[in-house]
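Colleague: Following this message is one structure expressed as structure tokens.
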Amino acid sequence: DTAVSQTPKYLVTQMGNDKSIKCEQNLGHDTMYWYKQDSKKFLKIMFSYNNKELIINETVPNRFSPKSPDKAHLNLHINSLELGDSAVYFCASSPEVRFTDTQYFGPGTRLTVL
Amino acid sequence: GQNIDQPTEMTATEGAIVQINCTYQTSGFNGLFWYQQHAGEAPTFLSYNVLDGLEEKGRFSSFLSRSKGYSYLLLKELQMKDSASYLCAVYPSGSARQLTFGSGTQLTVLP
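Encoded structure:
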């Protein structure tokens, strides 16, 4: 069974559209994250939720809105997509928010905005 | 700001040993992770260091010197499947647990 899963794996869409990426973890973890990996391979934190509550909200456009219906799910909705949003988006989870906690990553969603 | 530096690319031969360096300048330090990422796949955890010294795990070892802001990942008995990107990541100080990643070192293992 996949520990952290994301759908879809690939997403190709036009500028201006609205899209969502879903993430689920079956590890029983309390904390979930969204990362963006750009073409230069930098992995940058976007959001983090602990027990459904937002704890990290980096400087991302407010077109990006995370939603956590329960602690096993963290979805990412993006409004009015722009060319610069093209990247690979990774979901991750960790047991809690301790510095020693390993983060487990999903397979990624490759978003291409045309 | 936080700054983490790694070489962009390295090449080594199957069966050899390779050392991937990482230097960091962050506002405080709460631990350093190494992740492996194969092309088109998710990063996977390799090691964690928070105290100075060497952590060994099979063919992989990771070293940390907090006073120098320096870590390395040592891969022994290289195999073709070790060709991947190796990401160094640091937890700076602060109440938010924001893991800061370097841009990764792309290792190519040649036969």
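If you read the sequences in order, they're chains L and D. Take the first sequence: its position 52, counting from 1, is numbered 52 in this note's numbering, and each next residue is one higher. Take the second sequence: its position 93, counting from 1, is numbered 1093 in this note's numbering, and each next residue is one higher. For every residue, glycine included, the Cβ atom is placed at its ideal position computed from N, Cα and C. Quick caveat: nothing in here was measured; it's all calculated off a predicted structure.
1) Could you pull the start and end residues of the beta strand (DSSP E) that P61(L) belongs to?
2) Am I right that A1042(D) and F105(L) are in contact with their C-beta atoms under 8 Å? What's the rounded C-beta distance?
3) Against chain D, which members of the segment 68-86 of chain L pass a CB distance test of less than 9 Å?
4) For N1003(D), I'd like the list of residues in its chain whose CB is within less than 8 Å of its CB, leaving aside the five on either flank, ordered along the chain.
5) By the criterion of Cβ-Cβ separation under 7 Å, what are the contact partners of L1087(D) in chain L?
6) Answer yes or no: does any C-beta atom of chain D fall closer than 8 Å to that of F90(L)?
7) At 3 residues or longer, what runs of the beta strand (DSSP E) sit wholly inside the segment 70-112 of chain L?
8) Is the distance from the Cβ of T1108(D) to the Cβ of S1083(D) below 8 Å?
9) Check whether the Cβ of P1043(D) lies closer than 8 Å to any Cβ atom in chain L.
10) Can you list, in chain order, the residues of its chain whose CB lies under 6 Å from that of H135(L), leaving out five sequence neighbours each side?
11) Please give me, in chain order, every unbroken run of the beta strand (DSSP E) with length at least 3 that falls completely inside the segment 1012-1074 of chain D.
12) Mark S80(L) as exposed unless 16 or more other C-beta atoms lie within 10 angstroms of its C-beta, in which case mark it buried.
13) Using a Cβ cut-off of 8 Å (strictly closer), state whether R1066(D) contacts chain L.
14) Going along chain D in order, which residues have a C-beta closer than 7 Å to the C-beta of G16(L)?
15) Excluding five sequence neighbours on each side, which residues of the same chain lie with their C-beta closer than 6 Å to the C-beta of V97(L)?
16) From the DSSP output, read off the bridge partner residues of Y1091(D).
17) To the nearest angstrom, how far is it from the Cα of K1057(D) to the Cα of S39(L)?
18) Check M15(L) in the structure and name its three-state DSSP category.
19) In chain order, what residues of the same chain lie with their CB nearer than 8 Å to the CB of S1065(D), ignoring the 5 residues before and after it?
20) Is the beta carbon of L1099(D) sitting closer than 8 Å to the one on Y1091(D)?
Modeller: On the basis of the data shown:
1) From DSSP, P61(L) is part of no beta strand (DSSP E); its letter is neither H nor E.
2) So it is a contact: roughly 4 Å between Cβ atoms.
3) Here the close residues number zero.
4) Around N1003(D): Y1024, Q1025 and T1026.
5) Within chain L, the residues near L1087(D) are L43.
6) Yes, contact with chain D.
7) Runs of the beta strand (DSSP E) inside the segment 70-112 of chain L: 73-78 and 87-94.
8) Cβ atoms of T1108(D) and S1083(D): closer than 8 Å.
9) Yes, contact with chain L.
10) No answer is possible for residue 135(L): the residues shown for chain L start at 1 and end at 114.
11) DSSP runs (the beta strand (DSSP E)) wholly in the segment 1012-1074 of chain D: 1018-1025, 1032-1037, 1044-1049, 1053-1057 and 1060-1065.
12) By the Cβ neighbour-count rule, S80(L) is exposed, with fewer than 16 other Cβ atoms within 10 Å of its own.
13) No - not a single Cβ of chain L is within 8 Å of the one on R1066(D).
14) Residues of chain D passing the Cβ test: none, with the nearest at roughly 28 Å.
15) Same-chain partners within the cutoff: T31 and N50.
16) None; Y1091(D) has no bridge partner.
17) Distance between the alpha carbons of K1057(D) and S39(L) is about 31 Å.
18) Coil.
19) Contacts found: D1052 and S1071.
20) Yes, they are a contact pair.
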